[in-house]
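A.B. asks:
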Amino acid sequence: MSTPLRVLMAEDSLDDCLLLVRELRQAGYTPIWERVEQEEAMKAALARQEWDAVISDYAMPQFSGLKALEVVKQSGRDLPFLLVSGTVGEYLAVNAMKAGAHDYLMKGNLKRLGPAIERELREADVRRNRRRVEEALRRSEANFRSLVLGATFGIFHCDADGKFLSVNPALMAMLAYDAESALLSANLVRDIHCGDGSEACLLDQFRKKGRIDGLLADWKRKDGKRIRVRLSGRALLDEQGALEGFEIIAEDVTEREQLAEQLRQAQKMEAAGQLAGGVAHDFNNLLTIISGYAHLLEKHASPNDAVRGHIEEISKAADRGAVLTRQLLAFSRRQVLQPQVLDLNTVVAGFEKMVRRMLRENVELTTIPAGDLGKVKADPGQIEQVLMNLVVNARDAMPEGGKLTIETTNVVLETRPTLAIMLRFIPGPT
């Protein structure tokens with residue numbers, strides 16, 4: 008079934024719009040579209056309803072792609088924005104991408120439109136998820152501020168040795184104590200602190216400044232669960248100025264720390280994906296040149312020419328590089344995986360030459376293909392990546408050398424027949 012797609016088109020040519028609509032339909036979408044030619048019409052369309060994507064011509068008599076991009080940004084909508092033009096050069100395209108466009112296509116080559124839309128819709132969803140995490144973090148921080156204003160944080164008074172003298176219900180709940188008397192019989196240093204040295208830091212700050220502000224510590228509850236708390240308070244002195252005890256407010260920041268860590272991980276993964284995608288695109292451009300010249304040389308070489316074998320190896324190496332590029336693009340979420348029906352024996356056979364170059368001379372490689380092996384539907388690049396990881400792990404597990412066997416077979420897991428690739432490695436001299 009086709010996927011509905013609400014697309015706003017900034018285009019002065021109805022015929023070009025119809026070409027875009029036809030390409031989207033061929034890519035599996037059901038376009039619900041509207042064409043605008045002027046800035047005000049685009050603003051009205053954005054205000055009138057929700058859109059999934061915006062496709063804009065670069066240059067129009069009364070409008071422009073960059074102006075359309077500015078209108079979308081001013082609307083506050085995070086929409087995939089694609090520029091389509093028949094004349095835009097590389098310099099202008101790069102400037103458009105820097106301005107915020109997500110991709111650009113030439114009108115003479117619209118085959119990339121479907122994959123580009125799918126990719127940008129997926130990345131827009133990633134951005135929305137990240138914003139939800141950020142919003143959850145902001146809500147969590149607002150909740151904690153509300154708790155402070157409402158005096159619902161744990162509040163306690165203890166002597167200089169850490170014995171609790173008074174506690175409030177919030178602290179009891181925080182530490183999973185049912186009875187006040189049970190918590191009053193406990194000791195802050197002995198029973199609550201996790202022994203990470205924060206208690207010594209707490210005493211040191213009190214001695215130097217007479218108070219603590221935002222000291223992080225790990226506590227253990229009565230049920231054994233660990234929590235992260237933020238401590239603020241002041242020292243209590245007797246009439247002679249000697250340390251008598253402490254008054255402390257404890258805030259449970261476990262959830263906030265977890266959300267912050269999730270956000271940091273999401274940002275790291277996004278940065279890694281962007282880097283991988285950029286490298287893959289540049290690498291793919293180089294591979295295109297290498298592959299093109301290799302094909303030209305192969306075309307002009309005679310069948311008996313001794314150089315022809317070298318040219319074929321260059322082409323094969325370029326093809327393997329293209330597989331690596333697809334893997335990088337898949338990791339960066341800029342390319343959809345392309346599962347196809349595969350013969351695992353063929354995949355392993357084509358993979359064997361590359362594997363042998365990765366292994367040391369003291370590792371003996373053997374492949375055992377199954378004679379009645381069934382077919383599998385998978386992305387070939389992903390299968391090769393799995394094999395690569397397994398081989399590298401096996402190689403590293405045999406620093407002194409050994410025997411590595413790659414075998415394909417049909418196996419049955421539970422009640423479902425399954426194909427399998429098995430690796431056996433025997434450490435030791437070959």
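For the sequence shown, this note's numbering begins at 8 and goes up steadily by one.
Virtual Cβ for every residue (Gly too), placed ideally from N, Cα, C.
(1) Can you pull the DSSP bridge partners for tyrosine 36?
(2) Are alanine 66 and serine 92 closer than 9 angstroms when you measure CB to CB?
(3) Less than 9 angstroms separating the beta-carbons of phenylalanine 253 and arginine 241?
(4) Is DSSP giving asparagine 116 helix, strand or coil here?
(5) Following the continuous alpha helix (DSSP H) through glycine 388, name the residue where it begins and the one where it ends.
(6) Work out the CA separation of leucine 366 and alanine 385 for me, nearest whole Å.
(7) Answer with yes or no whether the minimum CB distance from isoleucine 162 to chain D is below 9 angstroms.
(8) In terms of residue numbering, what span does the beta strand (DSSP E) encompassing glycine 72 cover?
(9) Need the endpoints of the alpha helix (DSSP H) that glutamate 246 sits in, please.
(10) Given a threshold of 16 other Cβ atoms within 10 Å of its Cβ, counted over all protein chains shown, does methionine 418 qualify as buried or as exposed?
(11) On a CA-only basis, which of Met16, Asp312, Ile413, Leu394 is nearest threonine 373? Give me that one, please.
(12) Quick one: what's got a C-beta closer than 8 angstroms to valine 370's C-beta in the same chain, skipping five residues either side?
(13) So the candidates are Val286, Asp289, Leu27, Gln274; which of them puts its Cα closest to the Cα of glutamate 61?
(14) Who are the near neighbours of asparagine 291 in its chain, counting only those whose CB is closer than 6 angstroms to its CB and skipping five residues on each side?
(15) Please say whether glycine 328 and leucine 294 have beta carbons closer to each other than 9 angstroms?
(16) From this set, Thr353, Leu394, Ile390, Glu368, which residue's C-alpha is nearest proline 376's C-alpha?
(17) Would you mind working out which of Gly357, Ala278, Leu349, Lys306 sits nearest valine 133, comparing C-alpha positions?
(18) Since tyrosine 111 sits in a beta bridge, which residues does DSSP pair it with?
(19) Alpha carbon to alpha carbon, how far is alanine 100 from glutamine 347? Give it in angstroms, no decimals.
(20) With DSSP as the reference, label glutamate 130 as helix, strand or coil.
(21) For the alpha helix (DSSP H) containing leucine 182, name the first residue and the last one.
(22) So what does DSSP say about lysine 323, is it helix, strand or coil?
(23) Along the chain, where does the beta strand (DSSP E) containing arginine 1 start, and where does it finish?
C.D. replies: So, to answer that:
(1) As a working mapping, residue 36 is identified with position 29 in the sequence shown. Paired residues: Thr10.
(2) Mapped onto the sequence shown, residue 66 falls at position 59. Mapped onto the sequence shown, residue 92 falls at position 85. Contact flag set, yes.
(3) As a working note, residue 253 is residue 246 in the sequence shown. As a working note, residue 241 is residue 234 in the sequence shown. In this structure, arginine 241 lies closer than 9 angstroms to phenylalanine 253 by Cβ.
(4) Translated into positions along the sequence shown, residue 116 becomes position 109. The answer is coil: DSSP assigns asparagine 116 none of H, G, I, E or B.
(5) Start at 1 with the first residue of the sequence shown, and residue 388 comes out as number 381. Taken as a continuous stretch (DSSP letters only), the alpha helix (DSSP H) holding glycine 388 covers 387–403.
(6) Numbered from 1 along the sequence shown, position 378 holds the residue referred to as residue 385. Numbered from 1 along the sequence shown, position 359 holds the residue referred to as residue 366. Each residue's Cα considered, the two are about 26 angstroms apart.
(7) Considering every chain present, this structure includes no chain D. It has just one protein chain.
(8) In the sequence shown, the residue the question calls residue 72 occupies position 65. Note, glycine 72: premise wrong, no beta strand (DSSP E); alpha helix (DSSP H) at 72–81.
(9) Position 239 of the sequence shown holds residue 246. Here glutamate 246 belongs to no alpha helix (DSSP H), and DSSP marks it neither H nor E.
(10) Counted from its first residue, the sequence shown places residue 418 at position 411. In the sequence as displayed, the identity of residue 418 is valine instead of methionine. By the 16-neighbour rule on beta-carbons within 10 angstroms, valine 418 is exposed.
(11) Working through the sequence shown from its first residue, we reach residue 373 at position 366. The shortest C-alpha separation from threonine 373 is found at Ile413.
(12) Here residue 370 corresponds to residue number 363 of the sequence shown, with the count starting at 1. Excluding sequence neighbours, valine 370 sits near Arg402, Met405, Gly408, Gly409, Lys410, Leu411, Thr437.
(13) In the sequence shown, residue 61 corresponds to position 54, counting from 1. The sequence shown places valine at residue 61, not glutamate. Of all alpha-carbon atoms in Val286, Asp289, Leu27, Gln274, the one lying nearest the alpha-carbon of valine 61 is that of Leu27.
(14) Taking the first residue of the sequence shown as 1, we reach residue 291 at position 284. Closer than 6 angstroms at Cβ, skipping near neighbours: Thr332.
(15) By 1-based counting over the sequence shown, the position of residue 294 is 287. By 1-based counting over the sequence shown, the position of residue 328 is 321. For the 9 angstroms CB-CB criterion, leucine 294 and glycine 328 form a contact.
(16) As a first step, residue 376 is located in the sequence shown; it is residue number 369 there, counting from the start. Among Thr353, Leu394, Ile390, Glu368, the Cα nearest to that of proline 376 belongs to Thr353.
(17) Position 126 of the sequence shown, counting from 1, holds the residue named residue 133. Comparing Cα positions, the closest option is Ala278.
(18) Residue mapping note: residue 111 aligns to position 104 of the sequence shown, counting from 1. For tyrosine 111, which the question treats as bridged, DSSP gives the partners Leu90.
(19) By 1-based counting over the sequence shown, the position of residue 347 is 340. By 1-based counting over the sequence shown, the position of residue 100 is 93. Rounded to whole angstroms, the gap between the alpha carbons of glutamine 347 and alanine 100 is 34 angstroms.
(20) Along the sequence shown, one-based indexing puts residue 130 at 123. Note: glutamate 130 maps to helix in three-state DSSP.
(21) Working through the sequence shown from its first residue, we reach residue 182 at position 175. In the DSSP annotation of this structure, leucine 182 is not part of any alpha helix (DSSP H), being labelled neither H nor E.
(22) Reading the sequence shown from its first residue, position 316 is the one you call residue 323. Lysine 323: helix per DSSP, three-state reduction.
(23) Absent from the model: residue 1. The displayed extent of the chain is 8 to 437, so no value can be given.
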